[in-house]
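Please read the structure below before turning to the comments.
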Amino acid sequence: MMPSNNPTALSAVVGDPRAPRTTAPSIATLAAHLVMPVLLAAFASYLLGGILTMSVPEGAAFPGPQFFPGLISAGLYLLAVLLGLSGFRQWQSSRTQTDDAAADSAGGILSRPRWRSLLWVVGSFLAFALLLEVLGWIIAATLLFVGVVRGFASSRWLFNALVGLTLSSVIYIAFDMLLGLPLPSGILGGGL
């Protein structure tokens with residue numbers, strides 16, 4: 541429908557209902573975009589605190605026990621910054637959406653599936669931290685992998701468990717045999 545040239549026409553007075561209207565995105569929408577970056581930065585800070593307070597023997601050779609956790613911490617900070625910038629851009633671009641589309645977009649950010657995904661990821665990290673000593677690295681890291689990929693909507697349980705088991709086993713061997721840094725063996729090592 542073309543806008544009418546007649547100044548008294550209904551569409552000229554009321555406006556075309558299909559035309560997008562500018563909406564100001566809310567602070568709650570911005571906060572929803574920044575939840576994951578803040579959590580990643582908090583986890584990276586916790587990891588960095590552990591690295592800085594770690595007691596390292598004076599004769600430790602390069603790369604040492606602080607190197608790989610430091611890389612992971614730096615990667616988490618970088619990912620948090622990139623996700624934060626992406627969320628901020630999405631928040632800014634929501635200004636040109638229609639009222640209905642903006643409401644749908646803001647509702648989608650805070651909707652149940654996204655919160656469920658976040659709970660899977662955070663819950664997996666918490667379970668990993670609590671169960672590492674009991675289950676050992678291989679089993680706990682496998683469960684961590686399965687939980688995190690489930691949070692990213694993968695429902696292939698057996699495949700994810702096999703990939704997680706393979707990765708955690710390779711990491712365990714690399715740390716134990718190549719770096720001489722034993723990871724907790726838990727129930728597989730006979731300890732409880």
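Count the sequence shown with the working numbering and you get residues 541 to 732, in order. Don't be surprised by glycine CBs; every beta carbon is placed ideally from N, CA and C. Predicted model, so just to flag it, every value in this text is computed and none were measured.
- DSSP places Gly589 in the helix class (H, G or I) of the three-state scheme.
- DSSP, reduced to helix, strand and coil, places Phe699 within a helical segment of the structure shown.
- Taking all protein chains in view, the Cβ of Tyr586 is surrounded by fewer than 16 other Cβ atoms within 10 Å, so the residue is classified as exposed.
- For the pair of segments examined, the stretch 610-618 was found to touch the stretch 576-592: the number of CB pairs separated by less than 8 Å reaches three.
- Counting every other CB atom within 10 Å of its CB across the protein chains shown gives Gly704 a total of 16 or more, marking it as buried.
- Phe665 carries a helical assignment under DSSP once its states are collapsed to helix, strand and coil.
- If you ignore the 5 residues before and after Pro605, its C-beta comes within less than 7 Å of the C-beta of Met594, Val596, Leu721, all in its own chain and listed in chain order.
- Look at the beta carbons and you see the stretch 721-730 touching the stretch 668-682: at least three pairs across the two are nearer than 8 Å.
- Pairing Leu658 with Met576 gives a Cβ-Cβ distance under 8 Å.
- Contact annotation, Gly615 with Trp660: C-beta distance approximately 21 Å; criterion of less than 8 Å not satisfied.
- The beta carbons of Val688 and Trp697 sit no closer together than 8 Å.
- Spatial neighbours of Gly627 in its own chain (CB-CB distance under 6 Å, excluding positions within 5 residues in sequence) are listed in chain order as His573, Leu574.
- Annotated as distal: Ile727 and Val662, with beta-carbon spacing of 8 Å or more.
- The residue from Glu598, Gly599, Val621 with its alpha-carbon nearest to that of Ala582 is Val621.
- For Val686, the three-state secondary structure derived from DSSP is helix.
- With contacts defined as CB atoms closer than 8 Å, Leu625 and Leu580 fail to qualify as a contacting pair.
- Counting the other Cβ atoms within 10 Å of the Cβ of Thr706 gives fewer than 16, which makes it exposed.
- Taking Tyr617 as the centre and dropping the five residues before and after it, the same chain places the C-beta of Ala584 closer than 6 Å to its C-beta, in chain order.
- Around the beta carbon of Phe668, 16 or more other beta carbons sit within 10 angstroms, so the residue counts as buried.
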